[in-house]
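See below for the structure under consideration.
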Amino acid sequence: MNKRYTGLIEHYRDRMPVTDGTRVISLGEGNTPLVKLENIPGETGKSVDLYVKYEGLNPTGSFKDRGMTMAVTRAVAEGSRAIICASTGNTSAAAAAYAARAGITAFVLIPEGKIALGKLAQAMIHGAVVIQIRGNFDAGMALVKEVADHAPVTIVNSINPYRLQGQKTAAFEIVDELGAAPDFHCLPVGNAGNITAHWIGYSEYAGQGTQACAFCEGSCKFGGKAVNGKRPTMVGYQASGSAPFMRGGMVDHPETVATAIRIGHPQSWDRAWTVQKESGGWFDECSDEEILAAQKLLTSREGIFCEPASATSVAGALRDIRAGRIPEGSSVVCTLTGHGLKDPDTAIRQCGDDMLTVDAELSAVKDAILNNMA
Ligand code: F0G
0 MNKRYTGLIE HYRDRMPVTD GTRVISLGEG NTPLVKLENI PGETGKSVDL
50 YVKYEGLNPT GSFKDRGMTM AVTRAVAEGS RAIICASTGN TSAAAAAYAA
100 RAGITAFVLI PEGKIALGKL AQAMIHGAVV IQIRGNFDAG MALVKEVADH
150 APVTIVNSIN PYRLQGQKTA AFEIVDELGA APDFHCLPVG NAGNITAHWI
200 GYSEYAGQGT QACAFCEGSC KFGGKAVNGK RPTMVGYQAS GSAPFMRGGM
250 VDHPETVATA IRIGHPQSWD RAWTVQKESG GWFDECSDEE ILAAQKLLTS
300 REGIFCEPAS ATSVAGALRD IRAGRIPEGS SVVCTLTGHG LKDPDTAIRQ
350 CGDDMLTVDA ELSAVKDAIL NNMA
């Protein structure tokens with residue numbers, strides 16, 4: 000029978016914190032492509048099965064939609080009329096869209112001048128109340144936590160535990176598609192909510208509990224039965240200028256070209272260390288140059304356009320594959336968290352003056368072609 004896909008809550012309903020009567024706020028999120036890379040792995044000189052989970056193809060262009068459908072569904076069920084978040088851009092875009100869908104108000108706090116153009120456009124056009132602060136994401140997050148005690152607003156940052164319940168479905172989709180978890184799962188890390196959510200999802204499908212889950216009591220509270228016992232090694236990569244997990248403590252002035260992960264005070268600090276220990280994984284860091292090079296490599300060699308922060312997963316994975324830390328023969332999934340169109344400025348800047356301008360004449364266009372054949 001032909002069944003229309005109507006989003007991840009409906010698709011994984013028996014594993015989600017909803018009841019029969021719950022009004023689901025969905026834009027058809029999830030069900031994103033798991034693309035096997037064909038050209039890049041060969042450049043490492045090692046044999047691996049390398050996949051990217053293209054989360055940029057969610058409705059607002061990032062993985063945040065997975066968490067937002069769940070958080071807004073719960074907020075509406077609990078009678079909330081307004082949601083609030085601090086954001087480096089993608090959470091605010093998702094909050095704005097799902098609030099519009101639900102008919103409630105979204106307040107979003109963003110760091111002035113430090114969010115990518117596409118994300119700002121999204122928050123504004125969906126009708127969110129955009130509050131720019133003269134400070135970074137971490138300052139915004141602290142303010143959101145404080146103001147929620149003084150105003151009737153539901154926080155939809157990933158400290159809202161329902162966010163991670165939505166985001167865990169990305170792991171379900173990967174296991175459903177590959178038949179088992181990969182050997183390694185690599186993600187970019189900011190607040191470390193997403194790496195935690197993936198571990199919750201893999202653990203639930205493996206029929207195991209995890210200390211990283213706010214709801215877990217030995218096994219998942221919302222979970223059905225185990226699907227496949229294997230769990231991956233979880234690997235988190237940070238931008239060097241914003242790498243508290245590598246410094247072993249908070250970073251007060253985070254900087255990176257990957258503005259989505261320009262975060263010095265991760266909200267899921269303890270949970271992420273639990274994930275690292277339980278999965279036997281590790282954290283590492285990538286320079287801005289490595290991040291941009293990986294973004295360019297994905298676009299030019301595989302036809303896949305992700306935003307800079309997302310490319311951090313591939314930058315780190317390629318380095319660890321070359322070095323043998325991820326051994327030959329492994330299956331590896333890298334999450335591409337957001338679409339490249341989110342940040343057109345950085346993409347165009349990467350390409351310098353790589354454009355030809357010619358007269359509107361046949362001879363000029365013909366010359367441009369013949370002089371530039373590969
Ligand atoms: N990649 C992208 C594109 C992001 O937008 C984020 C986080 C991350 C990775 C990191 O995920 O925080 O779960 O470790 N963006 C948040 C936001 C902070 O406000 O949009 P994390």
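The sequence shown begins at 0 in numbering that gives the first Met the number 0 and counts up one residue at a time.
Note that beta-carbon positions come from the ideal geometry of N, C-alpha and C, so glycine has one too.
query                                                                                                                                        : result
With DSSP collapsed to three states, give me the class of V174.                                                                              : helix
Can you check which of these residues, G20, G117, I82 and S312, is closest to I103 by C-alpha distance?                                      : I82
Please report the distance separating the alpha-carbon of R100 from that of G27.                                                             : 12 Å
Is it true that the stretch 108-126 meets the stretch 75-95, where meeting means three or more beta-carbon pairs spaced less than 8 Å apart? : yes
Does D358 have its Cβ less than 9 Å from a Cβ in chain D?                                                                                    : Absent here is chain D; the protein component of the structure consists of one chain.
Is there at least one non-hydrogen atom of the ligand F0G closer than 8 Å to the beta-carbon of E347?                                        : Correcting the residue identity first, residue 347 is Ile in this sequence and not Glu. It does not: the Cβ of I347 is nowhere closer than 8 Å to a heavy atom of the ligand F0G.
Exposed or buried, T5, counting other C-beta atoms within 10 Å across all chains shown (16 or more means buried)?                            : exposed
According to DSSP, which residues form a beta bridge with Q131?                                                                              : I109
With distances taken between CB atoms, is the gap from I199 to C185 smaller than 9 Å?                                                        : no
With respect to the beta strand (DSSP E) encompassing H184, which residues constitute its N-terminal and C-terminal limits?                  : F183 to P187
With a CB to CB cut of under 6 Å and the five nearest residues on each side skipped, what residues in its chain are close to R73?            : Y161
Following the continuous beta strand (DSSP E) through F282, name the residue where it begins and the one where it ends.                      : W281 to C285
Look at the Cβ atom of D48, then the Cβ atom of S330, and state whether they are nearer than 9 Å.                                            : yes
Hey, out of A76, S79, N57 and V75, whose CA is closest to A93's CA?                                                                          : N57
Around the Cβ of L7, are there at least 16 other Cβ atoms within 10 angstroms (buried) or fewer (exposed)?                                   : buried
So Q237 is in the beta strand (DSSP E); what residue range does that whole segment cover?                                                    : T232 to A238
Pull up the distance between the alpha-carbon of G189 and that of A259, whole angstroms please.                                              : 8 Å
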